[in-house]
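Below is one structure, written out as structure tokens; the observations come after it.
2 protein chains.
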Amino acid sequence: MFDLPPLQATARDDAVLNVLADFVMQEELKPGDRLPTERVLSERLKVSRTTVREALTRWEGLGLVERRQGSGTYLKAAVSRDMLHLPLTFASGNDFESLMHTLEIRRGLEAEAAALCALRAGPAELELIRQKLETMEEAFHSRAGMSSDEDWDFHQAIYRVSGNPLFEQIISAMHELFHRFWEHPLGVRDFGHASFPYHRTVYERIAARDAEGARSEALKLIATVEADLRRGDANLKRAGNR
Amino acid sequence: MFDLPPLQATARDDAVLNVLADFVMQEELKPGDRLPTERVLSERLKVSRTTVREALTRWEGLGLVERRQGSGTYLKAAVSRDMLHLPLTFASGNDFESLMHTLEIRRGLEAEAAALCALRAGPAELELIRQKLETMEEAFHSRAGMSSDEDWDFHQAIYRVSGNPLFEQIISAMHELFHRFWEHPLGVRDFGHASFPYHRTVYERIAARDAEGARSEALKLIATVEADLRRGDANLKRAGNR
DNA sequence: TTGGTACAATGGTCCAACCAATTTCTGCAT
DNA sequence: ATGCAGAAATTGGTTGGACCATTGTACCAA
């Protein structure tokens, strides 16, 4: 008994996605570009708009695409037909414990990314990191601490220069989780105050092509953040909140 | 420049998913269970079936749910309201480059997990790791190399003992990706041959409560795997395949 | 130049129907 | 009773058309 015919059962939106992926490749659309209207796609592909929407919804859920009402649908990541999607979803509550867990993941990744940076960064990439560093330091000094956006830019530059796109994907997804904390619970403590000096040392080790040194400095950096958070949490508990 | 108002655009299907997640928790639905009909949900939630479908499509894309026409929609994974979605997408998942990328991620995580293990493993956990190690060594000796299953068990034990569930979840998802390589492309080379001795050194550093030592040994372990793979790839290219 | 207003384009939601696969029920033959 | 083929109901998949909410743009007036 062969059971081979799972082909062509009813999989229109899968087909739509394949065709769309072809289209994106053919038009050489890059992240940020706008792709055709749902109505246009519906007409061109000879399927209903609903079907197009379901397909795009799937892509949106995978973070490949972003929809802006009244404006259009925009590409958020490179797309090709033979892509492997690996949607990880796991329960991760809003408690302090979960925050620490994500931080541990980040520590491992950040260290590795910094090490790879030291090995792979060319002059241009190095310059990019240096620029982000200085922007961050400037913001830090002018606003007396709290440079979370610029701080994030710096780290993101490292992930990008590492030459491995997975770093950025994983970390940026976790970044959302981080924000869930920074909004609500522990007040906006003076993060990064303790970690601040390590940003420069990380950069220096990278610039010196010292992979192990970069890894080590990155570890120290995250360790200070962790210590800050633990202290904040302790204060909170001592105050009796929750 | 404040850019605070991303609040409350129009997000019915997000709301639908939240309510649905609540429902799943409330009814204690487990993977395999069937959840209410689209039509029922539409009626109960007072939204159109289209909206319900878009929401479910998102879940389906993330692998949380499976739809079977004529039968129903079935839960495929545990669902809770505060879930962290981490959709990774690998470009062209069959080239050597992608394999290296996943390996770099694994190196960062493995090192961190080993370090945490050294800090947190109790006597019982330590014994578990030791047992996995010996099982692996035994398999290695009896079958002259190639002990991938037992090898995996060993590493998984480390992730588990690390006390951070995220490690196991991320890595085990990537493990699938690894297998796609080990099946087809580079022949089943004598992996782990070079990495073999490091398994024991990792364990010894953990047992000695030496976090940095454990991290360092774990790094060496992955490095040998990487070197093996690079060698295999070079051989393949020299042979003219592709 | 500035500021507002009308209008068109676009994604978001809804409805009502029909199609296709699956499951369940029904009733007949054994 | 039992077994099984066919009808009927159930359920996800698709369609077309309509309307709403938001955004972008062109145009006009101060």
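Line order of the protein sequences matches chains A and B.
The first sequence begins at 1 in full-length UniProt numbering and counts up by one.
The second sequence begins at 1 in full-length UniProt numbering and counts up by one.
All C-beta atoms in this analysis are idealised placements derived from N, C-alpha and C, irrespective of residue type, glycine included.
Predicted, not measured: the structure shown is a model, and the values here were computed from it.
C-beta contact flag for A/Thr75 and A/Leu29 at 8 Å: Counting from 1 along the first sequence, the entry for residue 75 of chain A is found at position 75. Counting from 1 along the first sequence, the entry for residue 29 of chain A is found at position 29. One detail in the question is off: residue 75 of chain A reads as Leu in this sequence, not Thr. Yes, Cβ-Cβ distance for A/Leu75 and A/Leu29 is below 8 Å.
Counted within 10 angstroms of its Cβ, other Cβ atoms place A/Asp22 as buried (16 or more) or exposed: By 1-based counting over the first sequence, the position of residue 22 of chain A is 22. Answer is exposed; the Cβ neighbour count stays below 16.
Where the beta strand (DSSP E) containing B/Pro87 begins and where it ends: Walking along the second sequence from the start, residue 87 of chain B turns up at place 87. Counting along the chain, the beta strand (DSSP E) containing B/Pro87 begins and ends at 83-90.
Three-pair Cβ contact test at 8 Å for the stretch 48-59 of chain A versus the stretch 68-87 of chain B: no
CB contact below 8 Å: B/Ala15 versus chain A: Residue mapping note: residue 15 of chain B aligns to position 15 of the second sequence, counting from 1. For B/Ala15, the answer is no, since every Cβ of chain A falls outside 8 Å of its Cβ.
Residues from the stretch 106-125 of chain A in contact with chain B, defined by Cβ distance under 7 Å: Arg107, Gly108, Leu109, Ala111, Glu112, Leu116
Residue-level contact to chain B via CB, A/Ala77, 8 Å cutoff: As a working note, residue 77 of chain A is residue 77 in the first sequence. Closer than 8 Å to some Cβ of chain B, the Cβ of A/Ala77 qualifies, so yes.
Per DSSP, cross-strand counterpart(s) of B/Glu66: Locating residue 66 of chain B in the second sequence gives position 66, where the first residue counts as 1. DSSP lists B/Tyr74 as partners of B/Glu66.
Bounding residues of the alpha helix (DSSP H) (the contiguous stretch that carries B/Ala21): To locate residue 21 of chain B, count along the second sequence from 1; it is residue 21. First-last of the alpha helix (DSSP H) with B/Ala21: 12-26.
Reference A/Leu86, options A/Arg231, A/Lys220, A/Leu166, closest by Cα: What you label residue 86 of chain A is simply residue 86 of the first sequence in a count that begins at 1. When only C-alpha atoms are compared, the closest one is A/Leu166.
Distance, B/Thr201 Cα to B/Arg120 Cα: Stepping through the second sequence from its first residue, residue 120 of chain B is reached at position 120. Stepping through the second sequence from its first residue, residue 201 of chain B is reached at position 201. Rounded to the nearest angstrom, the two C-alpha atoms are 18 Å apart.
Of the residues B/Gly70, B/Ala115, B/Thr57, the one placed nearest A/Leu219, counting alpha carbons only: Along the first sequence, one-based indexing puts residue 219 of chain A at 219. Of the listed residues, the one whose Cα sits closest to A/Leu219 is B/Ala115.
Inter-residue spacing [alpha-carbon to alpha-carbon] between B/Asp210 and B/Ala118: Walking along the second sequence from the start, residue 210 of chain B turns up at place 210. Walking along the second sequence from the start, residue 118 of chain B turns up at place 118. Approximately 6 Å, taken between the alpha carbons.
DSSP three-state assignment for A/Arg209, whether helix, strand or coil: As a working note, residue 209 of chain A is residue 209 in the first sequence. DSSP places A/Arg209 in coil when its eight states are reduced to three.
Closer than 9 Å at the beta carbon, the chain B residues around A/Ala173: Along the first sequence, read from residue 1 onward, the residue named residue 173 of chain A stands at position 173. Neighbours of A/Ala173 on chain B, chain order: Leu84, His85, Leu86, Pro87, Leu88.
Within-8 Å CB hit, A/Gly72 to chain B: Locating residue 72 of chain A in the first sequence gives position 72, counting from the first residue. Not closer than 8 Å to any Cβ of chain B, the Cβ of A/Gly72 fails to qualify, so no.
Bridge partners - A/Leu35, DSSP secondary structure assignment: The count along the first sequence starts at 1 and reaches residue 35 of chain A at position 35. Its beta-bridge partners are A/Thr73.
Exposure label - B/Arg242; buried when at least 16 CB within 10 Å: In the second sequence, the residue the question calls residue 242 of chain B occupies position 242. Note on B/Arg242: pLDDT 43, under 50, position unreliable in the model; the coordinate value appears next. Classification of B/Arg242: exposed, given that the 10 Å Cβ count is below 16.
Short CB-CB distance (under 8 Å) between A/Asn18 and chain B: Residue 18 of chain A sits at position 18 when you count from the first residue of the first sequence. Chain B, which has no Cβ nearer than 8 Å to the Cβ of A/Asn18, makes this no.
Simplified DSSP state of A/Gly61, which is helix, strand or coil: Mapped onto the first sequence, residue 61 of chain A falls at position 61. Here A/Gly61 sits in helix by DSSP.
Three-state secondary structure assigned by DSSP to A/Leu29: The sequence position of residue 29 of chain A within the first sequence is 29, counting from 1. Coil at A/Leu29, not helix or strand.
Interface partners of residue 262 of chain B on chain A, CB under 8 Å: It is not possible to answer for residue 262 of chain B, since the shown part of chain B is limited to 1 through 242.
B/His101 at chain A interface by Cβ criterion, 8 Å: Taking the second sequence and counting its residues from 1, one reaches residue 101 of chain B at position 101. Yes, its Cβ sits closer than 8 Å to a Cβ of chain A.
Identity of the residue in A/Met100, A/Arg39, A/Pro31, A/His199 nearest A/Trp152 by Cα: Here residue 152 of chain A refers to the residue found at position 152 of the first sequence. Among A/Met100, A/Arg39, A/Pro31, A/His199, the Cα nearest to that of A/Trp152 belongs to A/His199.
Residue closest to B/Pro197, alpha-carbon to alpha-carbon, out of B/Ala173, B/Val225, B/Gly63: Counted from its first residue, the second sequence places residue 197 of chain B at position 197. For B/Pro197, the nearest C-alpha among the options comes from B/Val225.
Own chain partners of A/Gly187 with C-beta closer than 6 Å, once the 5 adjacent residues on each side are dropped: For the purposes of this step, residue 187 of chain A is taken as the residue at position 187 of the first sequence. With a pLDDT of 49 at A/Gly187, under the threshold of 50, the modelled position of this residue cannot be trusted; read the value that follows with caution. Closer than 6 Å at the Cβ level, and outside the excluded window around A/Gly187, lies no residue.
Neighbour flag for A/Gly32 against chain B, beta carbons, 8 Å: In the first sequence, counting from the first residue as 1, residue 32 of chain A sits at position 32. Taking Cβ atoms only, chain B never reaches closer than 8 Å to A/Gly32, which makes this a no.
is_contact[A/Arg58, chain B] using C-beta, thresh 8 Å: Numbered from its first residue, the first sequence carries residue 58 of chain A at position 58. Chain B, which has a Cβ nearer than 8 Å to the Cβ of A/Arg58, makes this yes.
Contact with chain A by B/Gln156, beta-carbon distance below 8 Å: Taking the second sequence and counting its residues from 1, the one referred to as residue 156 of chain B is at position 156. It does not; no Cβ of chain A falls within 8 Å.
Where B/Leu64 meets chain A, residues with beta-carbon distance less than 8 Å: What you label residue 64 of chain B is simply residue 64 of the second sequence in a count that begins at 1. Simply Thr89.
Length of the line joining the Cα atoms of B/Leu45 and A/Gly70: For the purposes of this step, residue 45 of chain B is taken as the residue at position 45 of the second sequence. For the purposes of this step, residue 70 of chain A is taken as the residue at position 70 of the first sequence. C-alpha separation (whole angstroms): 26 Å.
Own chain, CB closer than 6 Å to A/Ala111, minus 5 neighbours either side, in chain order: As a position in the first sequence, residue 111 of chain A is number 111, starting the count at 1. Cβ neighbours of A/Ala111 beyond the five flanking positions: Arg215, Ala218, Leu219.
N- and C-terminal bounds of the alpha helix (DSSP H) containing B/Gly122: Translated into the one-based positions of the second sequence, residue 122 of chain B becomes position 122. B/Gly122 -> no alpha helix (DSSP H), and no H or E assigned at all.
Beta-carbon gap between B/Arg34 and B/Arg49 smaller than 8 Å: Counting from one through the second sequence, the residue named residue 34 of chain B turns up at place 34. Counting from one through the second sequence, the residue named residue 49 of chain B turns up at place 49. No; because the gap between Cβ atoms is not below 8 Å, this pair is not in contact.
Neighbouring residues, chain A, relative to B/Gln169 (Cβ below 7 Å): In the second sequence, residue 169 of chain B corresponds to position 169, counting from 1. Chain A residues near B/Gln169: Leu88, Phe90.
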